[in-house]
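First to last, the sequence lines map onto chains D and X. At the far end of the first sequence sits residue 414, using the working numbering, and the numbering has no gaps. At the far end of the second sequence sits residue 414, using the working numbering, and the numbering has no gaps.
2 protein chains.
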Amino acid sequence: MYDLLKGLRVVEGSAFVAGPTCGLYLAQMGAEVIRFDSIGGGPDFRRWPLAENGSSLYWEGLNKGKKSIALNLSSPAGREIAQRLAAAPGDDGGLFVTNFPAEGFLSYEALKKLRDDLICVRVMGWADGSQGMDYTINSALGLPLMTGPADDARPVNHVLAAWDLLTGAYCAFTLVSALLARTRGQGGREIRAPLSDIGAATMANLGFTAETLLSGRQRARMGNDIFGAFGRDFTTKDGQTLMLLAITPKQWSKALEALGIVAEAAALEAELGVSFAADEGLRFTHRARLYPLFERAFAQRTAADLAPAFDAGGVTWGAYQPLEAALDDPRLYKDNPVFEAIAHPSGLTYAAPGAMATIPQDPRGDVRPAPKLGQHTDEVLAQVLGMSGGEIARLHDDGTVA
Amino acid sequence: MYDLLKGLRVVEGSAFVAGPTCGLYLAQMGAEVIRFDSIGGGPDFRRWPLAENGSSLYWEGLNKGKKSIALNLSSPAGREIAQRLAAAPGDDGGLFVTNFPAEGFLSYEALKKLRDDLICVRVMGWADGSQGMDYTINSALGLPLMTGPADDARPVNHVLAAWDLLTGAYCAFTLVSALLARTRGQGGREIRAPLSDIGAATMANLGFTAETLLSGRQRARMGNDIFGAFGRDFTTKDGQTLMLLAITPKQWSKALEALGIVAEAAALEAELGVSFAADEGLRFTHRARLYPLFERAFAQRTAADLAPAFDAGGVTWGAYQPLEAALDDPRLYKDNPVFEAIAHPSGLTYAAPGAMATIPQDPRGDVRPAPKLGQHTDEVLAQVLGMSGGEIARLHDDGTVA
Chain D
13 MYDLLKGLRV VEGSAFVAGP TCGLYLAQMG AEVIRFDSIG GGPDFRRWPL
63 AENGSSLYWE GLNKGKKSIA LNLSSPAGRE IAQRLAAAPG DDGGLFVTNF
113 PAEGFLSYEA LKKLRDDLIC VRVMGWADGS QGMDYTINSA LGLPLMTGPA
163 DDARPVNHVL AAWDLLTGAY CAFTLVSALL ARTRGQGGRE IRAPLSDIGA
213 ATMANLGFTA ETLLSGRQRA RMGNDIFGAF GRDFTTKDGQ TLMLLAITPK
263 QWSKALEALG IVAEAAALEA ELGVSFAADE GLRFTHRARL YPLFERAFAQ
313 RTAADLAPAF DAGGVTWGAY QPLEAALDDP RLYKDNPVFE AIAHPSGLTY
363 AAPGAMATIP QDPRGDVRPA PKLGQHTDEV LAQVLGMSGG EIARLHDDGT
413 VA
Chain X
13 MYDLLKGLRV VEGSAFVAGP TCGLYLAQMG AEVIRFDSIG GGPDFRRWPL
63 AENGSSLYWE GLNKGKKSIA LNLSSPAGRE IAQRLAAAPG DDGGLFVTNF
113 PAEGFLSYEA LKKLRDDLIC VRVMGWADGS QGMDYTINSA LGLPLMTGPA
163 DDARPVNHVL AAWDLLTGAY CAFTLVSALL ARTRGQGGRE IRAPLSDIGA
213 ATMANLGFTA ETLLSGRQRA RMGNDIFGAF GRDFTTKDGQ TLMLLAITPK
263 QWSKALEALG IVAEAAALEA ELGVSFAADE GLRFTHRARL YPLFERAFAQ
313 RTAADLAPAF DAGGVTWGAY QPLEAALDDP RLYKDNPVFE AIAHPSGLTY
363 AAPGAMATIP QDPRGDVRPA PKLGQHTDEV LAQVLGMSGG EIARLHDDGT
413 VA
């Protein structure tokens, strides 16, 4: 945990990935993040993967360092508490992250009555409010039909919920931006972040839509070939699969040198009358001619031979490895100072990350575990809403909080 | 363009996706973003897809609304200008986004000499500074081996550079957070955002690493099956492929109702002695028994029949469609107010997005095109560095700027 956002009080009423990662990123930069949930847990509280005792490893990964309050969100009293929390007082309060519907008891209009300068960041599926999740938005954008080997027409979904993740980080960005603006007198606002718009805009930002407008159809499916440059997976003498990339001229020349195919590539350039070094697009256009050079060079050497040669030569490459191997990889997990072994609500102790960025001059601070559900119910009611012990006890007795 | 970040002056010295999307998001929220490049363009200036005249649709998508200055970055004089820009004066200046190496002429140490409270957000590949790009980091994290049909062992790369995109949005978040902290007296800092750490941390945040620690191996490859709940692609009577998802109890009951298989699902529950409504994980465990019910129901109806029934029933679903169909989809592109048809540097006019989020109470403002390379060279030298016309003319003459 870093302290860039020390003093901020953010309330999160959300589930799944986008809203919770937004809250997570804010917490890991020093904000106090209070997540409210239904008593017994929200729709993501039992989401797989699970520990042997049934605890969700997903939930405890996504809610690290937050406080938890459990409310009966079906009751008027519980809903009123959620509203009051969203509109919490303080110069650095009134910051609400949610994926609750834009209409209803957590609408901006309802909350604005409690705090006029409220900042509300709302994750949505489709922009019109209809049901949409990462995988259904993704299928509408064409990507699953562009993914996977060219010899197989079946759509391939991504395993990483990329739209959820992008939305979560973008929401954290917009929330802090809105707070900066409010600090400078702009007032509060609602910021709606629909996965559908984030997906549609991103496909345009990357040039996919302009390309399709020009050609009349989406990019062809091409396995692991890097579009418009040189890159693909190749197999070594000992059957390992390595990813090799060459976009810049330097990446290209270093790859040729490390593989010892400078002369072969030059001969092909002479034959075709092109410069592969000067134009990465030509490497893509002529990739069917280039691939055999690389395939032969990889097939002559083992991964153990190639790895040090690639590293020494500054080649941009990577081995395909399963996650269990990544866990032993000192660059990713084993010796990574971003991670710290801590005890989690599941009862398990394992390494978990703090902030995803590193500030060399600042201490990292401890990685903090997720709360138990409702762990901070009393503390939050007292400190944020100023309730007395008697009031809190009555809310427990009548089932409004837990 | 919204005005949350009005008055900020951000300098960007970066290429490809992560750094440029960071700058793009900042610009679309109102910041002045000045991108410097080598004369003739950086390593991404000719990145595919291209327009017929050779202009990069990728570059013009990723640099919308920025100013451009072209410098001879091989010369000491050009490098000095880049340093002075990064450390630009003003309370809301001294904000620098880059993917230049951590050591070298744009190191934090070098820039800090010019401005003590500089904020520098640095996109990196591997955290140790070695070469890494989205696709090589991704191969090291295991995802390509988890992606794609279970009957095919070949690794499947993602087509969407998800780590780059997540890194870009996260960098925008950290930059504004650091500015908020600086405004409150914390001083400046360098924030390093390596793709490798962002990938490793995200796999942990989502529970993938804990799952693998417990089981000893990574999640099995399972095609389009949604892990730990119910979801997959199904084929309709007329051969259309639709994605259907049911994670929450409500999503589950609505899917059964819309497909008319409530009784069949109940019979299976009775046979197995389980409640699919109460535990989404059981739907995953018993998916081989559930799939035939859904396959039959889909096979009996056309997509044209199912779509309105699904929408009326509030089912979470989506059609797999290619991007050319998405461009005609009113929810994504055709009638989407996030997009506006504008003229681009390629000479083409097509719809491009502004900010990915929507602030209902604020005017959206115009979508602004990318600059031509070096379009703002003179303006930036005069306004940001206070150079005279004579000085600027000499820099042009000696080839330091263009």
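Note that beta-carbon positions come from the ideal geometry of N, C-alpha and C, so glycine has one too. All values reported here derive from a predicted model rather than from experimental measurement.
ask   = Taking the continuous alpha helix (DSSP H) assigned at TYR147/X, which residues delimit it?
value = 146-152
request  = Ignore the nearest five residues each way along the sequence and tell me which others in ALA367/D's own chain have a CB closer than 8 Å to its CB.
outcome  = MET13, TYR14, TYR37, GLN40, MET41, VAL350, ARG376
key: Terminal residues of the alpha helix (DSSP H) in which THR389/X lies   = 389-395
message = Measuring straight from C-alpha to C-alpha, what distance separates GLY199/X and LEU305/D?
response = 53 Å
inquiry  = Suppose the cutoff is 6 Å on Cβ atoms and the five residues either side in sequence are ignored; what does the same chain contact list for ILE354/D look like?
reply    = ALA364, VAL379, PRO381
task = Could you tell me which chain X residues have their CB closer than 7 Å to the CB of SER189/D, listed as they occur along the chain?
result = LEU16, LEU17, MET41, VAL188
ask   = From this set, GLU72/X, LEU97/X, ILE371/X, ASP103/X, which residue's C-alpha is nearest ILE81/X's C-alpha?
value = LEU97/X
request  = Decide yes or no for the touch test of the segment 121-132 of chain D against the segment 206-213 of chain D: beta carbon pairs closer than 8 Å, at least 3 of them.
outcome  = no
ask   = Any Cβ of chain X within less than 7 Å of the Cβ of PRO167/D?
value = yes
ask   = Taking the C-alpha atoms as reference points, what is the distance between ASP317/X and ILE371/D?
value = 55 Å
request  = Inspect the CB distances between the segment 176-193 of chain D and the segment 179-186 of chain X and report whether three or more fall short of 8 Å.
outcome  = yes
query = With 16 other CB atoms within 10 Å as the buried threshold, where does LEU284/D fall?
reply = exposed
key: is_contact[ASP103/X, chain D] using C-beta, thresh 7 Å   = no
inquiry  = Let me see if you follow: with CB-CB separation under 7 Å, is LEU385/X close to chain D or not?
reply    = no
C-alpha distance - LEU17/D paired with ASN75/D, whole-angstrom precision = 17 Å
request  = Confirm, please, whether the CB-CB distance from SER50/D to ARG59/D is below 7 Å.
outcome  = no
request  = Could you check which residue in LEU302/D, SER26/D, ALA270/D, SER142/D has the C-alpha nearest to that of ARG343/X?
outcome  = SER142/D
Short CB-CB distance (under 7 Å) between HIS7/D and chain X = Nothing can be reported for residue 7/D, as the shown portion of chain D is limited to 13 through 414.
message = Closer than 8 Å between beta carbons: that is the criterion. Which residues of the segment 198-216 of chain X meet it against chain D?
response = GLN198, ARG201, GLU202, ILE203, ARG204, ALA205, PRO206, SER208, ASP209, ILE210, GLY211, ALA212, ALA213, THR214, MET215, ALA216
query = How long is the line joining the alpha carbons of TYR147/X and ASN217/X, rounded to whole angstroms?
reply = 20 Å
ask   = Can you give, in chain order, each stretch of the alpha helix (DSSP H) that sits fully within the segment 102-159 of chain D and has at least 4 residues?
value = 120-124, 146-152, 155-158
inquiry  = Please report whether the beta-carbon of GLU223/D lies at a distance below 7 Å from any beta-carbon of chain X.
reply    = yes
ask   = What separation, rounded to the nearest whole angstrom, lies between the Cα atoms of ALA331/X and GLY272/D?
value = 47 Å
key: Nearest to PRO334/D (by Cα), restricted to the options ALA290/X, LEU268/X, LEU254/X, ALA165/X   = ALA165/X
inquiry  = Buried or exposed, going by whether 16 or more other CB atoms sit within 10 Å of the CB of SER287/D?
reply    = exposed
key: Cβ neighbour criterion (16 or more within 10 Å) applied to ASN415/D   = Outside the shown range of chain D (13 to 414) lies residue 415/D, about which nothing can therefore be said.
query = So PHE242/D and GLU202/D are in contact, right, with Cβ under 8 Å, and what is the actual spacing, rounded?
reply = Wrong, their Cβ atoms sit about 46 Å apart, outside the cutoff.
message = Can you find the residues in the same chain that come closer than 8 Å, C-beta to C-beta, to ALA290/X, ignoring five residues on each side of it along the sequence?
response = PRO261
message = Judging by CA-CA distance, which residue of LEU178/D, LEU302/D, PRO161/D is the nearest neighbour of VAL135/D?
response = LEU178/D
C-beta contact flag for LEU393/X and TRP329/X at 7 Å = no
request  = For THR253/X, decide whether its Cβ has a neighbour in chain D, counting only Cβ atoms nearer than 7 Å.
outcome  = yes
ask   = Is there at least one Cβ from chain X nearer than 7 Å to ARG248/D's Cβ?
value = According to the sequence displayed, residue 248/D carries Thr and not Arg. For THR248/D, the answer is no, since every Cβ of chain X falls outside 7 Å of its Cβ.
ask   = Can a CB atom of chain X be found closer than 7 Å to the CB of PRO6/D?
value = Here chain D has residues from 13 to 414 only, and residue 6/D is not among them.
key: Test item: CB-CB of THR361/X and GLU336/D under 7 Å   = no
For GLN230/D, the nearest candidate out of ILE149/X, ARG21/X, PRO61/X (CA to CA) = PRO61/X
Cβ of LEU83/X within 7 Å of any chain D Cβ = no
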